[in-house]
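Chemist: Take a look at this one; I'll ask things after.
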Amino acid sequence: MKRDQSQDAQTHNRLILKKAEALGIAGRLLIPGDEEFLELTWAGKRIVVNRTRSHRMPLLAGLLAKNKAASNLLFARSGLPVPAYTVVSGPGEEALQFWRAHRLVTVKPLDASRSAGVTIRVRSEDELVGAVRRALVHSDRVMLQKYVHGSDYRVLIVGGRVVGALEYRAASVEGDGKSTLGQLIERLNAEQASRSRRAGAVGSYLPVDVLGGDAAGGPCASGQRSRRRTRGRRAGAPVRAGQYGGKRDQRGAVRQIRRYASGPCARRR
Numbered sequence: 090m091k092r093d094q095s096q097d098a099q100t101h102n103r104l105i106l107k108k109a110e111a112l113g114i115a116g117r118l119l120i121p122g123d124e125e126f127l128e129l130t131w132a133g134k135r136i137v138v139n140r141t142r143s144h145r146m147p148l149l150a151g152l153l154a155k156n157k158a159a160s161n162l163l164f165a166r167s168g169l170p171v172p173a174y175t176v177v178s179g180p181g182e183e184a185l186q187f188w189r190a191h192r193l194v195t196v197k198p199l200d201a202s203r204s205a206g207v208t209i210r211v212r213s214e215d216e217l218v219g220a221v222r223r224a225l226v227h228s229d230r231v232m233l234q235k236y237v238h239g240s241d242y243r244v245l246i247v248g249g250r251v252v253g254a255l256e257y258r259a260a261s262v263e264g265d266g267k268s269t270l271g272q273l274i275e276r277l278n279a280e281q282a283s284r285s286r287r288a289g290a291v292g293s294y295l296p297v298d299v300l301g302g303d304a305a306g307g308p309c310a311s312g313q314r315s316r317r318r319t320r321g322r323r324a325g326a327p328v329r330a331g332q333y334g335g336k337r338d339q340r341g342a343v344r345q346i347r348r349y350a351s352g353p354c355a356r357r358r
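Positions in the sequence shown are counted from 1; adding 89 to them yields my numbering.
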């Protein structure tokens with residue numbers, strides 16, 4: 090939270106806790122040091138409130154889901170497996186120690202949504218610093234989480250029942266042996282924008298961006314990442330995002346793709 094928002098939250102929380110104490114209701118911060126949520130306990134029952142927002146408001150579920158530290162805490166309390174994580178405010182020693190302990194991590198803005206600013210499979214200290222800085226564009230705190238290999242699903246639960254699920258997949262483009270990655274991504278954006286216009290859902294489309302100069306102007310994409318990896322591979326094979334961050338549309342395309350190719354590539358003859 091920003092400074093003025095944090096001060097407002099502290100004021101609201103002090104008033105709520107004072108009133109709760111007068112009524113014999115135990116109260117505390119859900120997460121120590123975080124003024125976002127209060128946990129109130131009475132007669133063996135627990136509720137979570139967000140400043141003046143009641144636990145009965147549907148909005149609260151969204152706020153809890155958006156705050157990754159709060160949702161992870163509640164998942165763990167319910168007996169669900171939660172990967173090891175920590176919350177940091179910058180790419181300092183605490184972040185580096187966490188990466189050294191796990192060697193493969195995912196970096197996320199703490200309270201952003203729609204995968205904005207997310208980087209997965211961070212493999213080095215240099216990558217970690219860059220990923221944390223990108224995440225800080227979207228939040229003033231960042232979650233580092235042990236990377237877990239597997240599929241990525243979003244599940245919608247209403248009234249305690251699963252009503253929908255969505256599998257997210259990393260964006261990919263198919264090389265033609267002559268186009269650069271930048272050109273292929275521009276073509277993908279144009280195609281998806283056209284589909285959105287035809288469906289009357291222009292606002293739902295989020296374009297794929299390119300990070301780094303090589304993908305935009307240098308190597309060609311023929312289904313390989315670089316010349317040394319072209320053996321046995323054919324043109325037209327999909328080039329997928331090894332690390333990505335940013336927003337995705339309903340088709341699973343992420344908004345940002347790190348550069349892939351580190352050198353020239355050519356159509357296999």
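Ideal Cβ placement from N, Cα and C applies to all residues, glycine included. This structure is a prediction, so every number in the text was calculated from the model and none was measured.
#1: I think residue 165 touches residue 221, with their Cβ atoms under 8 angstroms apart; what is that distance to the nearest whole Å?
#2: When the distance is taken between beta carbons, is residue 180 closer than 7 angstroms to residue 398?
#3: Taking all protein chains shown into account, do 16 or more other C-beta atoms lie within 10 angstroms of the C-beta of residue 196, making it buried, or fewer, making it exposed?
#4: So what's residue 172 in DSSP terms, helix, strand or just coil?
#5: Specify the secondary structure class of residue 106 as computed by DSSP and reduced to three states.
#6: Where residue 203 and residue 257 are concerned, what is the direct C-alpha to C-alpha distance, given to the nearest angstrom?
#7: Starting from the Cα of residue 99, find the closest Cα among 122, 113, 247, 284 and give me that residue.
#8: Quick one, are the C-beta atoms of residue 157 and residue 127 less than 7 angstroms apart?
#9: Just list the residues that DSSP pairs residue 131 with in beta bridges.
#10: Looking at residue 262: is its Cβ nearer than 7 angstroms to the Cβ of residue 233?
#11: Determine the direct distance from the alpha carbon of residue 271 to that of residue 264, and round the result to whole angstroms.
#12: What residue from 141, 172, 177, 254 has the CA that sits closest to residue 238's CA?
#13: So the alpha helix (DSSP H) residue 285 belongs to, where does it begin and stop?
#14: With DSSP as the reference, identify every bridge partner of residue 198, one or two as the case may be.
#15: Just to confirm before moving on: does the CB-CB distance between residue 140 and residue 101 stay below 7 angstroms?
#16: Relative to the alpha-carbon of residue 215, which residue among 106, 230, 182, 279 has its alpha-carbon at the smallest distance?
#17: Assign residue 264 to one of three DSSP states: helix, strand, or coil.
Modeler: Inspection of the coordinates gives the following:
#1: Sequence index remark: in the sequence shown, residue 165 carries index 76 (1-based). Sequence index remark: in the sequence shown, residue 221 carries index 132 (1-based). No, residue 165 and residue 221 are not in contact; Cβ-Cβ is about 23 angstroms, not under 8 angstroms.
#2: Because the chain in this structure spans residues 90 to 358, residue 398 falls outside the shown range and cannot be described.
#3: Here residue 196 refers to the residue found at position 107 when the sequence shown is read from its first residue. Counting Cβ neighbours within 10 Å, residue 196 comes out buried, since at least 16 surround it.
#4: The residue given as residue 172 occupies position 83 in the sequence shown. DSSP places residue 172 in coil when its eight states are reduced to three.
#5: Numbered from 1 along the sequence shown, position 17 holds the residue referred to as residue 106. Under the three-state reduction of DSSP output, residue 106 falls in the helix class.
#6: Your numbering for residue 203 matches position 114 in the sequence shown. Your numbering for residue 257 matches position 168 in the sequence shown. Rounded to whole angstroms, residue 203 to residue 257 spans 11 angstroms at the Cα level.
#7: Stepping through the sequence shown from its first residue, residue 99 is reached at position 10. Out of 122, 113, 247, 284, 122 has the C-alpha closest to the C-alpha of residue 99.
#8: As a first step, residue 157 must be located in the sequence shown, where it is residue number 68. As a first step, residue 127 must be located in the sequence shown, where it is residue number 38. Going by C-beta atoms, residue 157 is not nearer than 7 angstroms to residue 127.
#9: Here residue 131 is taken as the residue at index 42 of the sequence shown, counted from 1. Paired residues: 134.
#10: Looking up residue 262 in the sequence shown gives position 173. Looking up residue 233 in the sequence shown gives position 144. No. Outside cutoff.
#11: The residue labelled residue 264 in the question sits at position 175 within the sequence shown. The residue labelled residue 271 in the question sits at position 182 within the sequence shown. The straight-line gap from Cα to Cα measures roughly 11 angstroms.
#12: Position 149 of the sequence shown, counting from 1, holds the residue named residue 238. Closest option to residue 238, Cα to Cα, is 172.
#13: Position 196 of the sequence shown, counted from the first residue, corresponds to residue 285. Where residue 285 is concerned, the enclosing alpha helix (DSSP H) stretches over 270-287.
#14: As a first step, residue 198 must be located in the sequence shown, where it is residue number 109. Its beta-bridge partners are 231.
#15: Taking the first residue of the sequence shown as 1, we reach residue 140 at position 51. Taking the first residue of the sequence shown as 1, we reach residue 101 at position 12. Cβ atoms of residue 140 and residue 101: closer than 7 angstroms.
#16: The residue labelled residue 215 in the question sits at position 126 within the sequence shown. The option with the nearest alpha carbon to residue 215 is 182.
#17: Mapped onto the sequence shown, residue 264 falls at position 175. Coil at residue 264, not helix or strand.
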